[in-house]
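**Student:** So the sequences go chain by chain: A and B.
Heads up: the first sequence at position 133 corresponds to 133 in the working numbering, and the numbers run straight through without jumps.
Heads up: the second sequence at position 236 corresponds to 236 in the working numbering, and the numbers run straight through without jumps.
2 protein chains.
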Amino acid sequence: MSDSQGIDGATRIYAVWGDPVKQVQTPRLINPLFAAAGRNIVAVPFHVRPEALARSWEAFRQMSNIAGIGVTVPHKIAAAALCDSMSEAARAVGAVNSIQRTGEGAMRGALFDGIGFVQGLGAARERLAGADVLLIGAGGAGRAIAHALAGEGLGRLQIVDLDPAAVEFTADMANRAAGAPIAGPADSRPGDATVWINATPMGLRPGDTFPVDTALLSQGTLVADIASLSRETELLKRARALGCATSDGNDMLNAQIALIAGFAAGLEPGEPLS
Amino acid sequence: MSDSQGIDGATRIYAVWGDPVKQVQTPRLINPLFAAAGRNIVAVPFHVRPEALARSWEAFRQMSNIAGIGVTVPHKIAAAALCDSMSEAARAVGAVNSIQRTGEGAMRGALFDGIGFVQGLGAARERLAGADVLLIGAGGAGRAIAHALAGEGLGRLQIVDLDPAAVEFTADMANRAAGAPIAGPADSRPGDATVWINATPMGLRPGDTFPVDTALLSQGTLVADIASLSRETELLKRARALGCATSDGNDMLNAQIALIAGFAAGLEPGEPLS
């Protein structure tokens with residue numbers, strides 16, 4: 001269905017839940033993909049507050065034309081606890097961002113933040129193999145990215161976060177996923193890393209103190225900054241001034257949306273919608 | 001918003017609930033009205049089963065971007081019991097088909113079946129004043145129509161139904177609404193009525209036994225049959241063969257959709273959306 005005038009009684013719903021919800025990009029980005037694939041599915045936003053999460057979950061689970069639910073802040077962890085099953089990434093990180101409702105009303109959670117990040121690198125993804133990677137931020141996004149990086153054959157994953165417990169959790173999870181002790185707290189000069197990844201919101205505001213000295217960034221480094229969507233961050237500005245290859249939040253978002261579209265349409269996690 | 005590619009985080013939802021829901025026409029008919037009025041509202045179907053009605057109601061009541069809920073079979077009576085307030089027609093009939101969610105989360109029920117029917121008559125509506133009207137069917141639709149007819153200055157309202165209790169309820173309600181004893185069981189020759197209204201599903205299938213002998217229909221009678229949507233009924237066929245003025249279910253549906261669009265957009269019941 002290509003437009004809301006194509007929404008009919010047989011349309012299935014991909015419900016996007018957030019609090020707030022006005023800022024969500026998913027409906028705007030994903031509906032053209034459903035339309036292009038000829039799927040009668042429409043993504044629609046719902047303002048769901050934390051205290052209404054469980055009740056809303058039960059209600060939507062019982063509606064047979066719900067294709068799935070997308071969750072954003074602040075529901076990613078709470079929704080994981082409600083899922084009947086989860087993808088490996090979702091289980092490892094303890095969070096979901098997309099839930100598929102099966103025909104029987106079972107709710108399958110998945111987390112596409114990490115794999116979306118890696119796929120969003122495009123051709124630069126191949127530079128991860130053997131690389132010394134500096135990951136800045138071990139919150140929700142950082143953990144998801146660390147989990148996906150563990151599958152890319154890194155040489156080393158150095159993690160920076162103000163919270164040592166978050167670094168430890170993330171490194172342990174990445175090491176389990178990789179099956180080798182690749183990850184740990186940053187313990188060398190950041191300038192040695194060949195890939196820098198910012199998974200924090202830092203750098204959008206001029207006054208932000210970035211956790212790593214960007215003066216140490218050197219030419220030839222691959223720099224990804226997921227904080228950057230409509231505006232450039234300080235890190236990306238510096239990287240581009242040096243001629244570094246870069247990736248921003250839009251690359252991650254677009255790759256993720258394609259993965260979510262397939263999952264919402266009933267495919268296995270990672271299968272592209274066509 | 002003119003299409004699903006215009007659905008964004010700020011879009012408000014008019015949720016259409018039914019069991020089943022595949023057959024609902026509301027999204028297809030109402031979304032162009034929202035778009036034409038520049039309202040960022042989209043109607044979307046939800047398959048809500050009776051046992052999930054109360055839970056779904058509470059969940060949707062708490063979502064601040066829900067504009068309203070449309071209910072169809074089998075929820076019209078059960079939903080009335082959940083409303084915080086109701087329009088006069090909804091209260092009199094004991095059913096709702098559209099619920100407006102106010103900014104504070106209060107749920108205001110309305111029933112547009114009756115007024116939709118009357119408005120759908122178009123110019124023929126003026127023939128109701130002083131008329132002897134034969135209403136066939138005192139179920140949900142018949143009651144709603146009887147309530148609206150009571151405001152049109154009829155001379156008389158004769159009601160036919162297989163269930164005498166339904167006739168009595170409907171006549172009492174219409175008499176209260178009219179403030180005069182205009183309504184009762186059909187007690188004269190149907191051929192005397194100057195307006196015939198079929199508010200039953202009878203007449204769509206060739207084998208149906210219509211509750212009134214259509215051979216009694218005479219030229220010059222206004223004939224409305226809400227059972228007729230995509231197909232003609234036996235009653236309408238006969239009426240058209242006689243050259244009678246006619247009205248069908250689409251007239252009622254289209255008039256109602258315009259009323260529902262206004263109500264969903266936050267207007268008072270009956271205010272047109274513009």
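For glycine and all other residues, C-beta sits at the position ideal for the given N, C-alpha and C.
Just so you know, these numbers come straight off a predicted model, no measurement behind them.
#1: Going along chain B, which residues have a C-beta under 7 Å from alanine 59 of chain A?
#2: Checking contacts by CB at 8 Å: is histidine 47 of chain B closer than that to chain A?
#3: State the DSSP-derived secondary structure class of glycine 68 of chain B, mapped to helix, strand or coil.
#4: Going by CA-CA distance only, name the one from B/Ala10, B/Ile41, B/Ala78, B/Ala43 that's closest to alanine 54 of chain B.
#5: So, aspartate 225 of chain B versus leucine 217 of chain B, is the Cβ gap smaller than 8 Å?
#6: Grab the span of the alpha helix (DSSP H) containing proline 50 of chain A for me, first residue to last.
#7: What's the C-alpha gap between proline 269 of chain A and glutamine 100 of chain B?
#8: Could you give the distance in angstroms between the alpha-carbon of glycine 295 of chain B and the alpha-carbon of threonine 72 of chain B?
#9: Work out the CA separation of proline 74 of chain A and valine 276 of chain A for me, nearest whole Å.
#10: Look up leucine 135 of chain A in the DSSP assignment and say whether it is helix, strand or coil.
#11: Under 8 Å by Cβ, that's how I've got alanine 258 of chain B and leucine 33 of chain B pegged, so tell me the actual separation to the nearest angstrom.
#12: For the stretch 230-252 of chain B, list every residue whose C-beta sits within 7 Å of some C-beta in chain A, in sequence order.
#13: Tell me where the beta strand (DSSP E) around aspartate 248 of chain A begins and ends.
#14: What number of angstroms, rounded off, separates the C-alpha of isoleucine 66 of chain B from the C-alpha of alanine 15 of chain B?
#15: Return the chain-ordered ranges of every alpha helix (DSSP H) run that is complete within the stretch 79-165 of chain A and spans a minimum of 4 residues.
#16: For arginine 28 of chain B, return the contacting residues in chain A, with the cut-off set at a CB-CB distance below 9 Å.
#17: How is the beta strand (DSSP E) around alanine 36 of chain B delimited, first residue to last?
#18: Which chain A residues are close to lysine 22 of chain B, counting only those with a beta carbon under 7 Å from its beta carbon?
#19: Give the interface partners of glutamine 62 of chain B over in chain A, defined as CB-CB distance under 7 Å, in chain order.
#20: Just how far apart, CA to CA, sit isoleucine 7 of chain A and aspartate 172 of chain A?
#21: Run the CB neighbour count on serine 85 of chain B, radius 10 Å, all protein chains shown included, and call it buried at 16 or more, exposed below.
#22: Is the shortest distance between the beta-carbon of asparagine 175 of chain B and the beta-carbons of chain A less than 8 Å?
#23: From this set, B/Ala177, B/Thr170, B/Ile136, which residue's C-alpha is nearest valine 160 of chain B's C-alpha?
#24: In terms of alpha-carbon separation, which member of A/Thr246, A/Met107, A/Arg205 lies closest to arginine 61 of chain A?
**Tutor:** From the atom records:
#1: Ala52, Arg55, Ser56, Ala59
#2: yes
#3: strand
#4: Between alanine 54 of chain B and the set B/Ala10, B/Ile41, B/Ala78, B/Ala43, the nearest pair of CA atoms involves B/Ala78.
#5: Not closer than 8 Å, so no.
#6: No alpha helix (DSSP H) contains proline 50 of chain A, which DSSP labels as neither H nor E.
#7: 38 Å
#8: With chain B covering only 1 through 274, there is no way to say anything about residue 295 of chain B.
#9: Outside the modelled stretch of chain A, which goes from 1 to 274, sits residue 276 of chain A, for which no answer is possible.
#10: Leucine 135 of chain A falls in the strand class under three-state DSSP.
#11: 7 Å
#12: none
#13: 245-248
#14: 8 Å
#15: 88-93, 113-120, 140-149
#16: Gln5, Gly6, Ile7, Asp8, Gly9
#17: From DSSP, alanine 36 of chain B is part of no beta strand (DSSP E) but of the alpha helix (DSSP H) over 26-36.
#18: Gly9, Ala10
#19: Arg49, Ala52
#20: 46 Å
#21: exposed
#22: no
#23: Checking every option, the nearest Cα to that of valine 160 of chain B belongs to B/Ile136.
#24: A/Met107
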